[in-house]
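Trainee: Residue numbers (UniProt numbering): 1 to 356.
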Amino acid sequence: IIDPHHHLWDARTQPKGWPMPRWFIHMLYLNKLSYIVDMTITEDTPWRKAELNSFGHRQLMFSMPYMGRELDADIRNAHSGGKPGHKVVQTVYLECGWHDTEAEEGLWSVGEAAMAHDVNRQYPNLCNGIVANANLSSPQVEKVLAAYSTMPGVKGIRHSLAHSDNPMILDSGSGPHKAAADDFRKGFALLDKYGLTYDTWMFHEQLADVTDLVKAFPNQVVIIDHVAMPLGRSTYKRSEVFPAWEKGIKALAQASSGNVYVKLSGLAMCNCGFDFDLKEKPPSSKELAEAWGPYFKVVLDAFGVDKCMFASNFPVDKVTCDYTVLWNAFKHFTSNMSAADKRKLYYENAKRVYKL
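1) Give me the Cβ distance between Tyr-229 and Gly-173, rounded to the nearest whole Å; I'm assuming they're in contact under 8 Å.
2) Contact defined as beta carbons within less than 8 Å: I believe Glu-246 pairs with Val-298. What is the distance between those atoms, to the nearest angstrom?
3) Is the distance from the Cβ of Leu-94 to the Cβ of His-204 below 7 Å?
4) Let me confirm a value: Val-227 is counted as buried when at least 16 other C-beta atoms fall within 10 Å, else exposed. Which label applies?
5) Over the uninterrupted alpha helix (DSSP H) stretch that includes Phe-296, give me the two end residues.
6) Give the straight-line distance between the Cα atoms of Trp-201 and Val-222, rounded to the nearest whole angstrom.
7) Mind checking which residues open and close the alpha helix (DSSP H) that includes Ile-249?
8) Leaving out five residues before and five after Pro-65 in sequence, what residues of the same chain have Cβ atoms less than 6 Å from its Cβ?
9) For Asp-182, does the count of other Cβ atoms within 10 angstroms reach 16, so buried, or fall short, so exposed?
10) Please go through the same chain and pick out, in chain order, the residues whose beta-carbon is closer than 7 Å to the beta-carbon of residue 409, but skip the five residues on each side of it.
11) Measuring CB atoms only, is the region 89-105 touching the region 128-139, in the sense that at least three cross pairs come out at less than 8 Å?
12) CB-CB under 7 Å to Phe-184, same chain, minus the five flanking residues each way: which ones, in chain order?
13) If you run the structure through DSSP and keep just helix, strand and coil, what is Gly-156?
14) Could you give the residue range of the beta strand (DSSP E) that holds Lys-263?
15) In chain order, which alpha helix (DSSP H) runs of at least 4 residues are fully inside the region 92-148?
Structure, rendered in structure tokens:
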């Protein structure tokens, strides 16, 4: 298996730009007690409400360290009492916020890629590819892309487009219709020059904009994270969103010149509305496969097995299940597929698109 989508963080040492003071972050790491969050950041604040609704009450996802050691332990299923994990031989690191104000202006996010490369040197099966952050709307974006082109392991960039008018949905802060903006497209056009792929975290409401973007840049490799994340919480109802999302996925596939890939991932996130994070007991892999199967089927029918790849989105998706159960769920879903198709979805497509 190649896991083409995971994150790492340690806010004690990394400039994450989070809306909380550094002393508070250190207190969280020192105590590892969830009630400290509820005491210090009450659920009455808009940011806290959106954060809990979007990423869950069950875990302090961002306040605990998750670096190479923790990911390696999850892959090995180290806390299971001897049960084996999955054979994950390579991974791709995805940016997740980095704002180093001490770096040269315009290069505030570049240090994140260096951090991921350092993890790879310590854990050779991790962070074999890096998808770094770049603000494609910035007038200094070419300086950032040029810097990435000299850094080992960097395969692409991510400029997320996720936007919702619902204040209970934590989004990327990109604003509406960013993919249609002239400054964004000017930066987007530079990716081909530097041989970089483009990843985006988006919601189903951005499918039309991304479809238009794909039509305008038929030679640029575009990777849709988390099946374009059909929302299902707060004012979003899964039964209503599914047909609109399905229509958008089919339109995107029809617009693709073969340059669009989709990650079969992210449905464990709270915003998708399956509510496994709210249940007393975590779901089984079979339950997850049955819940997510209709979404995976839509994407596979639209794009085909050559353009899709399974991914963990850990530790974000840990709010629903552990790493081993997640990949077991994918294997339940693919149990009737041919060995060749499974090899594409679990390994070959990720290796090809990220040039690992």
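Don't be surprised by glycine CBs; every beta carbon is placed ideally from N, CA and C. Since this is a predicted model, take the numbers as computed values, not measurements.
Mentor: Looking at the coordinates:
1) Residue mapping note: residue 229 aligns to position 229 of the sequence shown, counting from 1. Residue mapping note: residue 173 aligns to position 173 of the sequence shown, counting from 1. Going by the sequence as given, residue 229 is Met instead of Tyr. Met-229 to Gly-173, Cβ: 15 Å. No contact.
2) Along the sequence shown, one-based indexing puts residue 246 at 246. Along the sequence shown, one-based indexing puts residue 298 at 298. That belief holds up - the Cβ atoms of Glu-246 and Val-298 are roughly 5 Å apart, short of 8 Å.
3) For the purposes of this step, residue 94 is identified with residue 94 of the sequence shown, where counting begins at 1. For the purposes of this step, residue 204 is identified with residue 204 of the sequence shown, where counting begins at 1. No, the Cβ-Cβ distance between Leu-94 and His-204 is not below 7 Å.
4) Position 227 of the sequence shown, counted from the first residue, corresponds to residue 227. It counts as buried.
5) Counting from 1 along the sequence shown, the entry for residue 296 is found at position 296. 285-303 is the extent of the alpha helix (DSSP H) around Phe-296.
6) Taking the sequence shown and counting its residues from 1, one reaches residue 201 at position 201. Taking the sequence shown and counting its residues from 1, one reaches residue 222 at position 222. The straight-line gap from Cα to Cα measures roughly 11 Å.
7) In the sequence shown, counting from the first residue as 1, residue 249 sits at position 249. Counting along the chain, the unbroken alpha helix (DSSP H) around Ile-249 starts and ends at 238-255.
8) Looking up residue 65 in the sequence shown gives position 65. Taking Pro-65 as the centre and dropping the five residues before and after it, the same chain places the C-beta of Asp-10 closer than 6 Å to its C-beta, in chain order.
9) Within the sequence shown, numbered from 1, the residue matching residue 182 stands at position 182. Counting Cβ neighbours within 10 Å, Asp-182 comes out exposed, since fewer than 16 surround it.
10) With the chain represented from 1 up to 356, any question about residue 409 goes unanswered, as that position is not in the structure.
11) Yes, since at least three Cβ pairs between the region 89-105 and the region 128-139 fall closer than 8 Å, the two stretches touch.
12) Stepping through the sequence shown from its first residue, residue 184 is reached at position 184. Same-chain partners within the cutoff: Leu-136, Ser-137, Lys-178.
13) Locating residue 156 in the sequence shown gives position 156, counting from the first residue. Residue state, collapsed to three classes: strand.
14) Taking the first residue of the sequence shown as 1, we reach residue 263 at position 263. Taken as a continuous stretch (DSSP letters only), the beta strand (DSSP E) holding Lys-263 covers 260-264.
15) Those alpha helix (DSSP H) runs which fall completely within the region 92-148 and span 4+ residues are 110-122.
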